[in-house]
Amino acid sequence: MLNKFSKGFVKQSSRNLKDALSVMKKPIFWLIGGTFAFMSFNHGMIISHLLPIFYDRGLDAKTAVLAASCIGPMQVIGRLMMLASEKKVSVLSLCCVSFISMFVAGWSIFLGNLSLGLIIAFVVFQGASYGVLSIIRPTVISGLLGRNDFGIISGLLAVGFVLGSALAPLFGSLVWQLGSYDLVIFVALLLPAFSLVLMIAAWRLKPQ
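Take a look at the structure:
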């Protein structure tokens with residue numbers, strides 16, 4: 012997949028660090044970085060508070076733990092589905108579908124007290140979509156910014172992703188103190204919508 016979407020972007024690496032860092036002057040760099048940060052923030056807010064959220068939705072301890080433990084396997088299934096469809100679907104389409112799936116997952120857990128089926132839907136959509144997005148980042152970077160100085164660029168863009176994961180649990184706790192887990196979920200489910208907008212904007216700025 013990497014070669015397919017980065018064709019035509021390979022060129023000689025920058026001669027020094029200053030030249031390599033010039034990519035930070037491009038709006039597309041910040042659009043990609045924002046996309047990754049929102050993505051990790053969404054998952055971090057939900058997953059770090061998942062058991063209390065499940066309890067708040069009326070699940071007993073055993074069912075809550077079982078549902079939470081299925082997030083990981085669903086990530087694997089999402090990645091297998093991506094591999095099966097990569098020759099038929101573009102990277103942009105995969106990202107858009109994943110962001111929409113995370114948005115649907117957010118509403119599913121928000122309304123999860125109405126039906127166990129909605130909890131299951133959350134596990135499926137959240138797990139599968141995050142599984143895809145967490146491994147497609149290198150392909151997105153090379154597809155939009157090329158493979159020149161790929162190590163430095165991907166490392167810079169990983170900062171937002173890592174910070175999102177690190178700060179999300181604390182931010183989720185602060186939001187919970189302001190309201191309830193309904194508010195935490197609502198804030199989290201808005202983030203994939205923002206990511207979708209940023210990703211489409213980044214793709215429109217893609218060098219031809």
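Residue numbers (my numbering): 12 to 219.
Just so it is clear, CB atoms sit at the ideal spot from N, CA and C, and this is done for glycine as well.
Cutting at 6 Å between CB atoms, please list the residues of its own chain near residue i, excluding the five before and the five after it.
i      : result
Ile223 : Within the shown structure, residues of the chain are numbered from 12 to 219, placing residue 223 beyond reach of any answer.
Phe172 : Phe47 and Ser51
Ser140 : Ser109, Ser112 and Met113
Ala116 : Phe133, Phe136 and Gln137
Gly142 : Gln86, Gly89 and Arg90
Pro63  : none
I'd like the list of long-range same chain contacts for residue i, defined as Cβ closer than 8 Å, with 5 residues on each side in sequence excluded.
i      : result
Pro180 : Gly55, Met56, Ser59 and His60
Ser165 : Arg148, Pro149 and Ile152
Under three-state DSSP, which class holds residue i?
i      : result
Lys36  : helix
Cys107 : helix
Asp160 : coil
Ser206 : helix
Pro63  : helix
Ser112 : helix
Gly190 : coil
Val102 : helix
Ser126 : coil
Met12  : The predicted position of Met12 is uncertain, since its pLDDT is 48 and thus under 50; no value can be drawn from it.
Leu216 : coil
Give the range of the alpha helix (DSSP H) segment to which residue i is assigned.
i     : result
Gly69 : Gly69 -> no alpha helix (DSSP H), and no H or E assigned at all.
Pro84 : Ile82 to Ser96
According to the Cβ coordinates, are residue i and residue j closer than 8 Å?
i      : j      : result
Ile147 : Val195 : no
Ile39  : Leu216 : yes
Phe1   : Asp193 : Since the first residue shown for the chain is 12 and the last is 219, residue 1 is missing from the structure and cannot be characterised.
Phe49  : Leu189 : no
Ala78  : Ile43  : no
Gly45  : Leu209 : yes
Val34  : Leu207 : no
Under 7 Å Cβ to Cβ from residue i, same chain only, skipping five residues before and after it: list those, please.
i      : result
Leu105 : Met93, Val143 and Ile147
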